[in-house]
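In the numbering used here, the protein residues as written are 41 to 458.
Structure first, then comments.
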C-alpha cells in the first residue's frame, strides 16, 4: 500500500490544510490531579464529498512511540459541507511537561505533498498552574527559620502533593546536590509538616532540598546562606615539608586568590605573580614563607576578603631593636639559616621612602641569632633610616614575606628578597 496517493486531477492540494495552531490544555479530575493534553486546531477545505474523509494528527518525541489520532468525517457531513472550510480541533493526546514533540497533520486519505509538520515544546513545570495542579510538577513549598547559635534550620513544608510522604535533606549544590547527612521523612499523616535539620557551616551552597516520595519526583531547593561568601575563605592549610599554602573551596565560586603582605596600617599589599583563578579545584602556593604578615586575598567582583593563616603562629624570623649602653642594636632571630642585607633607606630629598637608597649594603649570615651593632657601620650612622633585606634564595622561596619596624628616631624596614 503506497504511503500517499497522487491527488485527483483538478484537486487543489495547496489549500486542503491551512491555519494549523498548536497549544496545550489542562484536564483535571480533582485538585492536584491534572494532565496536560496537546490541542491541535486546523482548517480543512472539503473540495468534494469523496476527496477527504478525515484528518490524521500524529505526535512523536525522542525515545517514545508515535501517537496518532484520526478525526473522521461522516459521509453525510461531507456532502453537507462540500466546498466549505471545516474547522477541526483535537485535544485527546496526553503529553508531559517540558516535552519536545514533532507534530504532523495529514489528510485521510493521505495525498502526496499535503503534509504539515512542526516542532513544539510543551510548557515547563516553572509555570505556576502546572506547579499547583500537575503531579509531575508539584514540589511543595519550603520555608525556614535559621538558628545560628544551635546551627539548626527549622523547615516547614506547604502545598506538598497529597497522599505522599515527603523527603527533606540538606545538600551542597554543585553539578548535583550532594547530601550532607542531614535528612528526615515527613509522613503524610503528620498534621504539621515541619522538621529540624542540623548544619555545620552556613555555606552559600548549602541548600534545603525537598521532594515527594515517588519515583523521579521533581525537587525544590532553597539555599538559606547563598549570600554568605565570607564563609568560603576558611580551611587554609600549610604543608611544612613542601612549604606550600593550600586552600580548597567548599563551594563552587568564581573568584581570584592571591598572596599579599599585611602592613602595620592594615593594608595588605599584593605580592606580584601570585594571582590564581578559583572555581572548584584546590589551589596551591608553593615555596611560601610562613610569616605572620603573609596573607591570602580572595576577590569576587568588587569585594575582597583577607585571611592570614600565620597570624597566631610562631614567627620563622623576627627582629628586635634595642638600645644598649647608648648604642642601638638590631637583633635578628631566625629559625632557619639565612643571609640578611643591611643598608641605608631612601629618605633624603629626591629619594623615595618606599625603596632602598642606592648605597653600600652589608651582608650578614644568621644561623640562629645575630646582633648587629649599628655603630659599627658608618653608612648607617649617617642616615636617619635603613633597610634590612633577608636573602633566602638558598631556600628557594617564591613568596617571601616582609616586615616593617618603626623605632624613633629611625624607621627600620625589613623585607625578604626574592
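Just so you know, even glycine gets a beta-carbon here, dropped at the ideal spot from N, CA and C.
Remember, it's a predicted structure, so these values are computed and weren't measured experimentally.
Buried versus exposed call for residue i [16 or more other C-beta atoms within 10 Å across all chains shown]
i, result
"residue 172", "exposed"
"residue 78", "buried"
"residue 132", "exposed"
"residue 68", "exposed"
"residue 249", "buried"
"residue 87", "buried"
"residue 307", "exposed"
"residue 222", "buried"
"residue 274", "exposed"
"residue 58", "exposed"
Separation of residue j from residue i, as counted between CA atoms
i, j, result
"residue 259", "residue 174", "14 Å"
"residue 338", "residue 284", "17 Å"
"residue 309", "residue 302", "6 Å"
"residue 161", "residue 134", "14 Å"
"residue 56", "residue 155", "10 Å"
"residue 329", "residue 191", "36 Å"
"residue 423", "residue 297", "Because the pLDDT at residue 423 is just 48, under 50, the model does not fix this residue reliably, and the value given afterwards should be weighed accordingly. Rounded to the nearest angstrom, the two C-alpha atoms are 39 Å apart."
"residue 270", "residue 342", "14 Å"
"residue 266", "residue 185", "15 Å"
"residue 164", "residue 311", "50 Å"
"residue 136", "residue 233", "29 Å"
"residue 226", "residue 213", "22 Å"
"residue 44", "residue 81", "23 Å"
"residue 72", "residue 126", "36 Å"
"residue 432", "residue 327", "Only weak support exists for where residue 432 lies, its pLDDT of 42 falling under 50; the coordinates are left without a value."
"residue 240", "residue 246", "10 Å"
Under the three-state DSSP convention, the category residue i falls into
i, result
"residue 237", "strand"
"residue 173", "helix"
"residue 166", "coil"
"residue 182", "strand"
"residue 55", "helix"
"residue 229", "coil"
"residue 201", "coil"
"residue 270", "helix"
"residue 69", "strand"
"residue 208", "strand"
"residue 246", "strand"
C-beta neighbour in chain B for residue i, strict 8 Å
i, result
"residue 344", "Structure shown: chain B not included; a single protein chain is present."
Contact test: residue i Cβ vs the ligand NAD heavy atom, cutoff 7 Å
i, result
"residue 300", "Within the structure as shown, the ligand NAD is missing, as the structure has no ligands at all."
Nearest to residue i (by Cα), restricted to the options the options
i, options, result
"residue 89", "105, 101, 107 and 112", "112"
"residue 348", "115, 299 and 179", "299"
"residue 166", "176, 157, 159 and 110", "176"
"residue 187", "236, 251 and 45", "236"
Problem set entry | Completely contained beta strand (DSSP E) runs for the segment 77-154, where each covers 3 or more residues | At a cut-off of 3 residues, the continuous stretches assigned as beta strand (DSSP E) that sit fully inside the segment 77-154 are 94-100, 107-112, 125-135 and 140-148.
For this session: Could you name each continuous beta strand (DSSP E) segment of 3 residues or more that falls completely within the segment 275-320, going from the start of the chain to the end?
Result: Given a length threshold of 3 residues, each whole run of the beta strand (DSSP E) inside the segment 275-320 is given here in chain order: 277-279, 284-287, 295-302, 308-310 and 316-318.
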